[in-house]
Amino acid sequence: MKSTLKENQKETDVILQRVHEMEAQLQKTRSALQEKEEQLKSFKDRVAGEVALSIKTGNTMSLNNPVSKNRLKEMYEDLRIDWPKIKSNLKSNNKHPDSVKELILKKFGEAKTEMRNRKMMIDKVFGLNVINTGGIQQKVDQYRQLTVQNLQMTLYSEKQDVGLKKPFLGNEAVNPQDVLEYLGSECFWLGCLMALNNPPLQPDWENHPPSMDRWDFFPRNIRTVSENE
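Numbering-wise (my numbering), the sequence shown opens with residue 156 and increments by one.
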């Protein structure tokens with residue numbers, strides 16, 4: 156009888172210990188979620204100013220997705236509009252089209268790789284010490300996506316504040332190295348923003364038809380790609 160009571164007591168102690176561990180883990184998760192809620196409020200407050208500015212300038216921006224797919228299309232189209240002037244400067248300064256094309260593809264590729272690595276780091280952080288239950292996991296997924304959007308918005312805002320000054324592209328006497336630096340910076344920055352979109356985007360290199368113009372580098376459209384593409 157005593158042996159049975161001892162066994163029952165041991166089982167009870169084990170259950171109580173597990174309950175205490177689960178309560179501690181749940182409290183830890185609640186604290187993390189509360190912290191993310193505060194970050195969300197701060198993030199939305201900060202973005203609200205950007206949204207108000209976008210309304211004044213006519214640019215497309217929403218509070219739920221500050222750098223939306225439509226906004227990315229607009230920025231990519233801006234780059235394509237600038238391209239004839241950039242091309243004119245580089246051609247007049249005897250830059251080879253193959254080296255310029257290599258620069259463009261390299262910068263978009265580097266941006267995609269770097270942002271993929273950053274998203275993997277974010278995934279690793281949000282995968283730690285999380286109880287994998289439906290409701291909580293859904294919240295964690297939401298905050299993970301919010302963190303990616305926050306990174307995207309940070310890159311967007313920093314570029315507006317301290318980005319490279321656009322060369323006076325109407326003047327072919329502008330130093331071509333400055334033009335190349337500007338072009339590389341724009342391609343990398345825009346590539347980062349596209350890679351952080353959900354789902355990721357990139358210029359539609361595969362469906363860019365051959366042209367008689369050796370300087371015809373930028374596809375007309377951008378397309379959705381998978382995370383690992």
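Cβ atoms here follow ideal geometry from the backbone N, Cα and C, with glycine treated the same way.
In chain order, what residues of the same chain lie with their CB nearer than 7 Å to the CB of asparagine 248, ignoring the 5 residues before and after it? Hits under 7 Å: Pro331.
For leucine 227, which of Ser381, His363, Asn376 has the nearest alpha-carbon? Out of Ser381, His363, Asn376, Asn376 has the C-alpha closest to the C-alpha of leucine 227.
Mapping the DSSP letters down to three states, classify methionine 216 as helix, strand or coil. Confidence at methionine 216 is low in this model, with a pLDDT of 49, below 50, so its placement is unreliable and the value that follows should be read with caution. Taken through DSSP and simplified to helix, strand or coil, methionine 216 comes out as coil.
Taking only three categories from DSSP, how would you classify leucine 356? DSSP places leucine 356 within a strand segment (E or B) once states are collapsed to three.
If you measure between the beta carbons of lysine 356 and glutamine 304, is that distance less than 9 Å? The question names lysine, but residue 356 in the sequence shown is leucine. For the pair leucine 356 and glutamine 304, the CB atoms are not nearer than the 9 Å cut-off.
Once you ignore the five residues that flank threonine 212 on each side, which residues in its own chain have a CB closer than 6 Å to its CB? For threonine 212, the pLDDT reaches just 46, beneath the cut-off of 50, and the residue's location in the model is therefore unreliable, although a value from the coordinates is still provided. The answer is none, since no qualifying residue turns up.
With 16 other Cβ atoms within 10 Å as the buried cut-off, status of tryptophan 344: Burial check for tryptophan 344: the Cβ neighbour count within 10 Å reaches 16 or more, so the residue is buried.
Going by the beta-carbon positions, is the gap between leucine 258 and glycine 339 smaller than 9 Å? Between leucine 258 and glycine 339, the C-beta spacing is below 9 Å.
Can you tell me the Cα-Cα spacing of serine 223 and asparagine 353, whole angstroms? Straight-line spacing of the CA atoms in serine 223 and asparagine 353 works out to 9 Å.
Pairwise C-alpha distance: histidine 363 and glutamine 307: When only Cα atoms are considered, glutamine 307 and histidine 363 end up about 27 Å apart.
Which same chain residues, not among the five before or five after lysine 314, have their C-beta less than 7 Å away from its C-beta? Close CB contacts of lysine 314 within its chain, under the 7 Å cut and outside five residues either way in sequence, are with Trp344 (chain order).
Taking the runs of the alpha helix (DSSP H) that are 4 residues or longer, which of them lie wholly in the segment 250-320? Secondary structure in the segment 250-320: the alpha helix (DSSP H) runs of 4 residues or longer, each lying completely within the stretch, are 252-281, 289-317 in chain order.
First through last residue of the alpha helix (DSSP H) which encompasses arginine 235: The continuous alpha helix (DSSP H) containing arginine 235 extends over residues 224-247.
What first and last residue would you give for the beta strand (DSSP E) that runs through arginine 378? Run containing arginine 378: 377-379, per the beta strand (DSSP E) assignment.
Which residues in the same chain have their Cβ closer than 8 Å to the Cβ of threonine 379, if we skip the five residues on either side of it in sequence? Here the set comprises Pro354, Pro355, Leu356.
With valine 334 as the anchor, note down where its alpha helix (DSSP H) starts and where it stops. Run containing valine 334: 331-350, per the alpha helix (DSSP H) assignment.
Nearest to methionine 349 by alpha carbon, out of Asn225, Asn244, Arg235, Ala179? Ranked by Cα distance from methionine 349, the first of Asn225, Asn244, Arg235, Ala179 is Asn225.
In the structure shown, what three-state DSSP assignment does glutamate 176 receive? In the three-state reduction of the DSSP assignment, glutamate 176 falls in the helix class, which pools H, G and I.
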